[in-house]
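Chemist: When the letters of the sequence shown are read in order and numbered with the numbering used here, they come out as residues 1 to 377. Before I ask anything, here is the structure I am working with.
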Amino acid sequence: MTGEATFPGGVFSERIDDGRAGAEIELSVAGVRARTPDGAEFLLPYAECRLEIGGASGRMIFCRNRDRSLTIFCEERTFADALSRASGGLLSESLGELLAARRRESRRGWWIAASLALGIAALLVAGFWGVRVAARAAVHAMPVALDEKIGELALKSMDLGGPEVHDPLVVGALQAIVDRLAPHAAVSGLEFRLRVVDAPIVNAFALPGGPIVVYTGLIGKAAGAEEVAGVIGHEMAHVTARHGLERIADSVGIVTAVQILVGDTQGLVAFGAELFTLASVNSYSRRQEMAADEEAVRMLHAAGIDPAGLARFFEVLDREQGDLPSAVSWISTHPQNQARIAQIRGRLAALGEPSYQPLAVDWAEVRRRAAGGGQVE
1 MTGEATFPGG
11 VFSERIDDGR
21 AGAEIELSVA
31 GVRARTPDGA
41 EFLLPYAECR
51 LEIGGASGRM
61 IFCRNRDRSL
71 TIFCEERTFA
81 DALSRASGGL
91 LSESLGELLA
101 ARRRESRRGW
111 WIAASLALGI
121 AALLVAGFWG
131 VRVAARAAVH
141 AMPVALDEKI
151 GELALKSMDL
161 GGPEVHDPLV
171 VGALQAIVDR
181 LAPHAAVSGL
191 EFRLRVVDAP
201 IVNAFALPGG
211 PIVVYTGLIG
221 KAAGAEEVAG
231 VIGHEMAHVT
241 ARHGLERIAD
251 SVGIVTAVQI
261 LVGDTQGLVA
271 FGAELFTLAS
281 VNSYSRRQEM
291 AADEEAVRML
301 HAAGIDPAGL
311 ARFFEVLDRE
321 QGDLPSAVSW
331 ISTHPQNQAR
341 IAQIRGRLAA
351 LGEPSYQPLA
361 VDWAEVRRRA
371 AGGGQVE
């Protein structure tokens, strides 16, 4: 190929098998000419050129024909000036307008970047607390599928402290409670997956996204199925209120907090899966605990299960707290006081005279089977 100026570039055309090929570009007297490595030639007269600027670099010049069936492109820095000269000034005005618009866009991008940097700096000056508050708000805008991924990974990595129980009587009794409550959850589409673990721990917890773990020690401590229903409802409320993600946002470092703000969820998932351990899984704030109490009462009432069971279970554990292992008991991770129990009682009084349906469970037999470990894996 001969001519005054040649440049490396490429061509888009239906005549090319893959629609695109690299090409050597010549700015000839007849127009912009491109030759591909296999010898195919394309010519675009200057009078028919429609110019655009873009590409990943922001300086790629696209020369297109009227119906856009042929495009010849190049991002060499000297290509624009050479194209202006070779066209005899025919394309100079169009090139000038495009380059000026590109410069304005670049300046605007610089100001946006500078403003973002200043905003982040202001957050840092305001303190890490401001970042955490913003991150907490950001996690609520993220899809619930994120909660499910965190909960799944966390459950796989946790040492639950005992074997899983597969006794159909024990598991079935608790699953019936979950099935009654789930349709009344504040967030639809969640799959509350129940697991019963054989261990003397008086505890239960739920992970982000819906996994629920109940220990046989807690089953044995409950006088009736409604008390365990209250506990399960409370844990489900933590899931639907996304308190787990709030905990993650409150616990992350500055880098992960900024990642949350810009929508990068990889670090959030990894950190969240590591955060939840048996010792820390129920470490919620007082605000979150009271919100979960209130939501549990609402769900239980809507499902026709007496919410008073939740208050009764709190009172039993409150009285027996000194006899329970403090590091792992449900009461130790859910600090109680009379004000909180009074809140539940107050909510019950506001419900009027509801009609509740007793859970059709032989609770004495469930407790007996759970105490024996049931059928464990």
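Just so it is clear, CB atoms sit at the ideal spot from N, CA and C, and this is done for glycine as well.
For I16, I'd like the list of residues in its chain whose CB is within less than 6 Å of its CB, leaving aside the five on either flank, ordered along the chain.
Modeler: none
Chemist: Quick one: Cα of P45 to Cα of R102, how far?
Modeler: 25 Å
Chemist: For A117, which residues in the same chain have their Cβ closer than 6 Å to its Cβ, ignoring the five residues on either side in sequence?
Modeler: Summary for A117: the model assigns pLDDT 47, below 50, so the residue's position carries little reliability; its value from the coordinates is reported in the next sentence. If we look at A117 and ignore the five residues flanking it on each side, it has no Cβ neighbours.
Chemist: Among residues of its own chain, excluding the 5 on either side of F192, which ones have a beta-carbon nearer than 7 Å to its beta-carbon?
Modeler: V178, A182, G210, I212 and M236
Chemist: Just grab the DSSP bridge partners of E93 for me.
Modeler: In DSSP, E93 forms no bridge with anything.
Chemist: What does F79 pair with, by DSSP beta-bridge criteria?
Modeler: BP columns for F79 are empty, so no partner.
Chemist: Could you tell me the distance, in whole angstroms, from the CA atom of E246 to the CA atom of V187?
Modeler: Taking the straight line joining both Cα atoms gives about 16 Å.
Chemist: Roughly how many angstroms separate the alpha carbons of R195 and L317, rounded to a whole number?
Modeler: 22 Å
Chemist: Report all residues from its chain with a CB closer than 6 Å to the CB of V239; omit the five preceding and five following residues, and keep chain order.
Modeler: A206 and G210
Chemist: Flag this pair as yes or no: are the beta carbons of I389 and V297 separated by less than 9 Å?
Modeler: For the chain, the structure presents residues 1 to 377; residue 389 sits outside this window and is missing.
Chemist: Report yes if the C-beta of E52 is less than 8 Å from at least one heavy atom of the ligand NAP; otherwise report no.
Modeler: Of the ligands one can find in the structure shown there are none, so the ligand NAP has no counterpart to examine.
Chemist: Using the beta-carbon count (16 or more within 10 Å), is P358 buried or exposed?
Modeler: exposed
Chemist: Could you tell me the distance, in whole angstroms, from the CA atom of I72 to the CA atom of R104?
Modeler: 25 Å
Chemist: Within the region 154–209, note down every full alpha helix (DSSP H) run reaching 4 residues or more, in order along the chain.
Modeler: 168–181
Chemist: For D167 versus R369, is the C-beta distance shorter than 9 Å?
Modeler: Less than 9 Å divides the Cβ of D167 from the Cβ of R369.
Chemist: With distances taken Cα to Cα, identify the nearest neighbour of A23 among V29, G31, F12 and E227.
Modeler: Closest option to A23, judged by alpha-carbon separation, among V29, G31, F12 and E227: F12.
Chemist: My understanding is that V202 touches G189, with C-beta atoms under 8 Å, so please give their C-beta distance in whole angstroms.
Modeler: Not quite, the Cβ-Cβ distance comes to about 31 Å (not below 8 Å), so this is no contact.
Chemist: On the DSSP letters alone, give me the boundaries of the beta strand (DSSP E) that A21 sits inside.
Modeler: R20 to L27
Chemist: Alpha carbon to alpha carbon, what distance is there between Q175 and A225?
Modeler: 11 Å
Chemist: How would you call L95, buried or exposed, if buried means at least 16 neighbouring beta carbons within 10 angstroms?
Modeler: buried
Chemist: Let's test the definition: count the other Cβ atoms within 10 Å of the Cβ of S157 and tell me whether it reaches 16, buried, or not, exposed.
Modeler: exposed
Chemist: Measuring alpha carbon to alpha carbon, tell me which residue in D67, A364 and Y356 is nearest R180.
Modeler: Y356
Chemist: So the alpha helix (DSSP H) V231 belongs to, where does it begin and stop?
Modeler: A225 to T240
Chemist: My guess is that Y215 and A229 are in contact by the Cβ rule of under 8 Å, so how many angstroms apart are they, rounded?
Modeler: Actually they do not touch by this definition, with Cβ atoms about 16 Å apart.
Chemist: Quick one: give me the first and last residue of the beta strand (DSSP E) that E41 is part of.
Modeler: E41 to L44
Chemist: Count the other CB atoms, across all protein chains shown, that sit within 10 Å of the CB of V262; report buried if there are 16 or more and exposed otherwise.
Modeler: Bear in mind that the predicted position of V262 carries a pLDDT of just 49, short of 50, making it unreliable; the figure below should be weighed with that in mind. V262 comes out exposed.
Chemist: Over what stretch of residues does the alpha helix (DSSP H) that includes L348 continue unbroken?
Modeler: Q338 to A350
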